[in-house]
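In this note's numbering, the protein residues as written are 357 to 677. Beta carbons are placed, not taken as given, at the ideal position from N, Cα and C, and that holds for glycine. Note that the structure is predicted; figures quoted are calculated from it, not measured.
And the structure:
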């Protein structure tokens, strides 16, 4: 179809919430890779409230087990946009993949509670990173943001991260693996923290906050697309960014509103009652060179260094807000 003009897109953006597309307008379908975590609440809000439709877009979400899992699909053009964690994105860029940031997604809290937590079995005697030396800790994926913040917490609390064995366990299986003794500790992300404590609260306990105790307000996750696609279809991604950022506004205006928990319950399949116990992240629209530079410094500290482009060159105009 012919691209929607900027003037028309702006007029559509001013329509009431959940405004339908113009009569006879064909929506452009965009497939987006996501995972069922709190970070993607603005995307689902923008879908439900009609912000994408108002920009002439139909968003088809495809759920994967982790942000790193969606990146190969982005390279293979199975997706136009992928939600992923910042570490996996930067490692892909280091290997020569032309990922570009099209929007922020989440940052950690400045103070506890935050969206990551280290859990152990009650009575295990494990209280710090020092206690984890020679033991097994689970991350949903190795060398991602969960792992990185977890290893930083190990170091912050007196341990040597090289002496801790990382085991990859999907978030939904972590609580059972920990309660059953297959692992000694686990780095959880919400809403799986609240779920683990609700179902295994008699056997599990939280001993750490990996983001706020190591990197208060540290970057966590973003949305990325391929540079070639962005260069060829910049106006399409402008519309995507505008709609998504309206979703960010919707979420940030409702951080204490039950409507937000109902939205999250819908895509995460976690009951609202349990979601009342979760810590919410910060939801930014943009990505800054400073936060990426700080991330790269931490990655280098934990063995993930290398040659990276200037971070300012990696931020598409839709994320430079």
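* Rounded to whole angstroms, what's the CA-CA distance from residue 491 to residue 558? Just pull it up for me. => Straight-line Cα distance between these residues: approximately 22 Å.
* To do: Entirely within the stretch 552 to 627 and at least 4 residues each: give me those alpha helix (DSSP H) ranges in chain order.
  => Listed in chain order, the alpha helix (DSSP H) runs fully inside the stretch 552 to 627 are 583 to 588, 590 to 608 and 614 to 624, counting runs of at least 4 residues.
* Asked: Under a three-way DSSP split, which group does residue 488 fall into?
  -> Helix, per DSSP.
* Asked: Going by DSSP, what residues sit across from residue 418 in a beta bridge?
  -> In the DSSP output, where bridge partners are listed per residue, residue 418 has 389.
* Starting from the C-beta of residue 498, find all residues in its chain whose C-beta is less than 7 Å away, skip the five residues before and the five after it, and write them out in chain order. => Closer than 7 Å at the Cβ level, and outside the excluded window around residue 498, lie 522 and 524.
* To do: Starting from residue 438, follow the alpha helix (DSSP H) in both directions and report where the run begins and ends.
  => Taken as a continuous stretch (DSSP letters only), residue 438 belongs to no alpha helix (DSSP H), being part of the beta strand (DSSP E) at 437 to 441.
* So, helix, strand or coil for residue 524, using DSSP? -> Of the three classes helix, strand and coil, the one that applies to residue 524 here is strand, per DSSP.
* Would you call the stretch 635 to 650 and the stretch 401 to 419 in contact, with 3 or more CB pairs under 8 Å? -> By the Cβ test, the stretch 635 to 650 is not in contact with the stretch 401 to 419, since fewer than three Cβ pairs between them sit closer than 8 Å.
* In whole angstroms, what separates the C-alpha of residue 660 from that of residue 517? -> C-alpha separation (whole angstroms): 13 Å.
* residue 505 classed as buried or exposed, judged by whether at least 16 other C-beta atoms fall within 10 angstroms -> That one is buried.
* Rounded distance between the beta-carbons of residue 474 and residue 541, thought under 8 Å -> At roughly 6 Å, the Cβ-Cβ gap stays under 8 Å, so residue 541 and residue 474 are in contact.
* Is DSSP giving residue 426 helix, strand or coil here? -> Here residue 426 carries a helix assignment [DSSP, helix/strand/coil].
* Based on Cα-Cα distance, which residue from 561, 584 and 579 lies nearest to residue 535? -> It is 561.
* To do: Would you tell me roughly how many angstroms separate the C-alpha atoms of residue 378 and residue 413, rounded to the nearest one?
  => With a pLDDT of only 48 at residue 378, under 50, the local geometry of the prediction cannot be trusted, and no value is derived from it.
* Beta-ladder partner(s) of residue 542, from DSSP -> DSSP, once it has assigned bridges, lists 475 and 494 as partnering residue 542.
* Between the CA atoms of residue 551 and residue 590 - distance to the nearest angstrom -> When rounded, the separation of the alpha-carbon atoms in residue 590 and residue 551 is 40 Å.
* Asked: With distances taken from CA atoms, which of 665, 439, 636 and 670 is nearest residue 470?
  -> Taking only the C-alpha atoms, the option nearest residue 470 is 636.
* Measuring alpha carbon to alpha carbon, tell me which of 669, 668 and 654 ends up nearest residue 662. => The residue with the shortest Cα to Cα distance from residue 662 is 654.
* Within 8 Å, strictly: CB atoms of residue 630 and residue 533 -> Not in contact: residue 630 and residue 533 (Cβ atoms no closer than 8 Å).
* Asked: Between 401, 418, 476 and 571, which lies nearest to residue 464 when the distance is taken from Cα to Cα?
  -> Of 401, 418, 476 and 571, the residue nearest in Cα terms is 571.
* Going by other Cβ atoms of all chains shown within 10 Å of its Cβ, with 16 needed for buried, is residue 514 buried or exposed? -> Per the 10 Å Cβ criterion, exposed.
* Count the other C-beta atoms from every protein chain shown that fall within 10 angstroms of the C-beta of residue 384, then say buried if there are 16 or more, exposed otherwise. => So residue 384 ends up on the buried side.
* Taking C-alpha atoms, which residue in 582, 619 and 507 lies nearest to residue 671? -> Residue 671 has its Cα closest to that of 582, out of 582, 619 and 507.
* When the Cα of residue 431 is compared with those of 500, 453 and 502, which residue comes out closest? -> Answer by Cα proximity: 453.
* To do: Note the first and the last residue of the continuous alpha helix (DSSP H) segment covering residue 658.
  => Annotation: residue 658 is outside any alpha helix (DSSP H) and is labelled neither H nor E by DSSP.
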